[in-house]
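When you number the sequence shown by the working numbering, it's gap-free, plus one each residue, and the end is 423. Notes follow the structure.
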Amino acid sequence: MNNFIFQNATKVYFGRGCVKEYLSCLTGPYDTVMLAYGGGSIKKNGIYDEVAGILRNAGKNIVEFSGIMANPTYAKVLEGANLARESKTDMILGIGGGSVMDCCKAISLAARYEGDIWEDFWARPGVIEAEPLPLGVIVTVAGTGSECNGGAVITNEEKKIKTGRDYPKLNPRFALMDPTYTYSVPVKQMVSGGFDILSHIMETYFSEPNEDNVSDDIMEALMKSVIRNLRAAILNPEDYTARSNLMWDSTMAENRIIKMGKKCDFECHNMEHQLGAYTNCNHGCGLAVLHPVYYRHIYKDGLAKFVRFAENVWGIARDGMDEEELALAGINALADFIREIGLPAALKELGTDQAQLKEIANSCGISAGSYKKMTHEEILEIFQECYD
Ligand code: NZQ
Ligand code: ZN
């Protein structure tokens, strides 16, 4: 394994009823709480009433910040940061999925920083001299794992860049995770989030080292869990076992544990983020289109791992196949699963303009951890291959 340091600062409260049981106590030290959420799903499914009731009973001043969109924009971050300053917010409570959680992390930092936060944080690596506002999150959809990491993926619409990095100071102080809160997620969003979980695991699994390491073993178990429980949740959206497994799979994929000792690839994420910056496409859908095609480009450079994937994750028997055939059979099984759960298989379905593909390809970051280092020309080939 490669060397590593591990820490995760988020305290997780998981399970049915956890919000009712712990929220009041967790917000205890703060007077003014910014209640931040998305487009209103929490008003329809009752989560808003439950949370606002608890805060009101605890005597909090509530500052509402709503309308956080999927793929949150930098403009929305600045709006939230201004509100947090003006209202003298003491803590932010984000209720939603990756978009709300990421936007809240970004607001927590931007509200405490005087300079140009885009240039000083998102545009360049390194430490930023700002202590973010305390943040707690209530997760309503499984997918990004944002609740237990420091990633704040933000779209700068002017610059056409969607980016984020895992910055430990942005880990939420606490995450409340009640699997029943995810029952109302529409099937399309549930499978998109489910595929995002699978993608986070694959992007880590398909990278060095290849010798025996505990992270790869954990990831095989996690991938099988995602596949099994996604199928179960499609059949019965109120299957508590399936929803709780998916919720924890999602956290496990992005709480740094499986990344220990691994190089990590995330080239598909680099490509999807730029597609998102140009087209505002759904994150999990974009990843579903890209993965099989990308893997057919790189599998020969990581052959042994792709063979392991076919055998250990998809249970494919060798049956006289050579290594390359077996590796391809695993990638085909992944493509079949994507079709089975109803995710798109072509960029055209995401509203991407073919004429823009070259510009988008040229804007993509190049991962240093992939089995085969991409060039912008090869990224364009991948985009063209999965266009229709
Ligand atoms: O906005 P509302 O009305 O709440 O509706 C949301 C939204 O339309 C809906 N939803 C959420 N919970 C629901 C629900 N609808 C009914 N019932 C519920 N319980 O779901 C829709 C999508 O929500 P969103 O938060 O956008 O989805 P997701 O969790 O997939 O987050 C995507 C964002 O996270 C970023 C993505 O790039 C994208 O911007 N990512 C963040 C990462 C991180 N911080 O670690 C890593 C990921 O790779 C990813 O890049
Ligand atoms: Zn993702």
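Beta carbons are placed, not taken as given, at the ideal position from N, Cα and C, and that holds for glycine. Predicted model, so just to flag it, every value in this text is computed and none were measured.
Buried or exposed by the 16-neighbour rule on C-beta atoms within 10 Å, applied to residue i
{"i": "Pro107", "result": "buried"}
{"i": "Ala312", "result": "buried"}
{"i": "Lys197", "result": "buried"}
{"i": "Arg91", "result": "exposed"}
{"i": "Thr276", "result": "exposed"}
{"i": "Gly386", "result": "exposed"}
{"i": "Glu166", "result": "exposed"}
{"i": "Pro221", "result": "exposed"}
{"i": "Ile414", "result": "buried"}
{"i": "Ala390", "result": "exposed"}
{"i": "Arg159", "result": "exposed"}
{"i": "Gly75", "result": "exposed"}
{"i": "Ile40", "result": "exposed"}
{"i": "Asp388", "result": "exposed"}
{"i": "Arg374", "result": "exposed"}
{"i": "Glu307", "result": "buried"}
{"i": "Leu270", "result": "exposed"}
{"i": "Gly150", "result": "exposed"}
{"i": "Asn132", "result": "Looking at the sequence shown, residue 132 is not Asn but Gly. Classification for Gly132: buried."}
{"i": "Asp354", "result": "exposed"}
{"i": "Lys95", "result": "buried"}
{"i": "Asp252", "result": "exposed"}
Residues sharing a beta bridge with residue i, DSSP
{"i": "Phe100", "result": "Ala71"}
{"i": "Asn191", "result": "Ile196"}
{"i": "Met212", "result": "Phe49 and Val174"}
{"i": "Gly131", "result": "Val174"}
{"i": "Gly186", "result": "Asp201"}
{"i": "Thr108", "result": "Thr190"}
{"i": "Met126", "result": "Val68"}
C-beta contact flag for residue i and residue j at 8 angstroms
{"i": "Leu322", "j": "Cys303", "result": "yes"}
{"i": "Leu281", "j": "Gly229", "result": "yes"}
{"i": "Trp153", "j": "Asn191", "result": "yes"}
{"i": "Leu168", "j": "Ala119", "result": "yes"}
{"i": "Gly115", "j": "Leu170", "result": "no"}
{"i": "Ile293", "j": "Met258", "result": "no"}
{"i": "Thr67", "j": "Val98", "result": "yes"}
{"i": "Phe100", "j": "Met136", "result": "no"}
{"i": "Ala368", "j": "Ile351", "result": "yes"}
{"i": "Asn43", "j": "Asn290", "result": "yes"}
{"i": "Tyr330", "j": "Ile376", "result": "no"}
{"i": "Val172", "j": "Thr217", "result": "no"}
{"i": "Pro244", "j": "Met36", "result": "yes"}
{"i": "Glu85", "j": "Val54", "result": "yes"}
{"i": "Ala380", "j": "Ala364", "result": "no"}
{"i": "Met295", "j": "Ser250", "result": "yes"}
Residues near residue i by beta carbon distance below 7 angstroms, same chain, minus five either side
{"i": "Asp231", "result": "Gly178, Thr179, His318, Gly319 and Leu322"}
{"i": "Gly337", "result": "Phe241 and Tyr406"}
{"i": "Val342", "result": "Glu358, Leu361 and Ala362"}
{"i": "Asp155", "result": "Ile163"}
{"i": "Ser134", "result": "Gly73, Ile103, Met104, Ala105, Asn106 and Pro107"}
{"i": "Lys383", "result": "Tyr422 and Asp423"}
{"i": "Phe372", "result": "Ile262"}
{"i": "Asp274", "result": "Ala267 and Ala268"}
{"i": "Asn315", "result": "Asn106"}
{"i": "Leu265", "result": "Val226, Gly229, Leu281 and Ile376"}
{"i": "Ala28", "result": "With the chain covering only 36 through 423, there is no way to say anything about residue 28."}
{"i": "Lys393", "result": "Leu415"}
Same chain only: Cβ atoms within 6 angstroms of residue i, ignoring 5 sequence neighbours per side
{"i": "Ser398", "result": "Gln309"}
{"i": "Thr45", "result": "Cys183, Asn206, Pro207 and Ala210"}
{"i": "Val328", "result": "Ile417, Glu420 and Cys421"}
{"i": "Tyr65", "result": "Asp125 and Met126"}
{"i": "Gly185", "result": "Asp201, Tyr202, Pro203, Leu205 and Asn206"}
{"i": "Ala370", "result": "Pro327"}
{"i": "Ile401", "result": "Met409"}
{"i": "Cys139", "result": "Ala71, Ile127, Gly129 and Leu170"}
{"i": "Met212", "result": "Phe49, Val174 and Met282"}
{"i": "Ser59", "result": "Ile89 and Ala93"}
{"i": "Thr215", "result": "Arg51"}
{"i": "Gly404", "result": "Ser242, Lys298, Cys299 and Asp300"}
{"i": "Ile236", "result": "Met254, Leu257, Met258 and Ala288"}
{"i": "Ser143", "result": "Ile127, Pro167, Leu168 and Leu170"}
Neighbourhood of residue i by C-beta, 8 angstroms cutoff - its chain only, sequence neighbours within 5 removed
{"i": "Ile189", "result": "Pro107, Thr108, Tyr109, Val112, Asp137, Cys138, Ala141, Trp157, Lys197, Thr198 and Gly199"}
{"i": "Ser227", "result": "Gly178, Asn317, His318, Gly319, Cys320, Ala323 and Leu378"}
{"i": "Glu2", "result": "Because the chain spans 36 through 423 in this model, residue 2 falls outside it and cannot be assessed."}
{"i": "Asp356", "result": "The residue asked about is misnamed: residue 356 is Met in this sequence, not Asp. The answer, listed in chain order, is Ala364."}
C-beta neighbour in chain D for residue i, strict 8 angstroms
{"i": "Glu56", "result": "The structure shown has no chain D; it contains just one protein chain."}
Item to check | Distance cut 7 angstroms, beta-carbon to the ligand ZN heavy atom: residue list by chain order | outcome: Spelled out in chain order, the answer is Thr179, Asp231, Ser234, His235, His304, His318 and Leu322.
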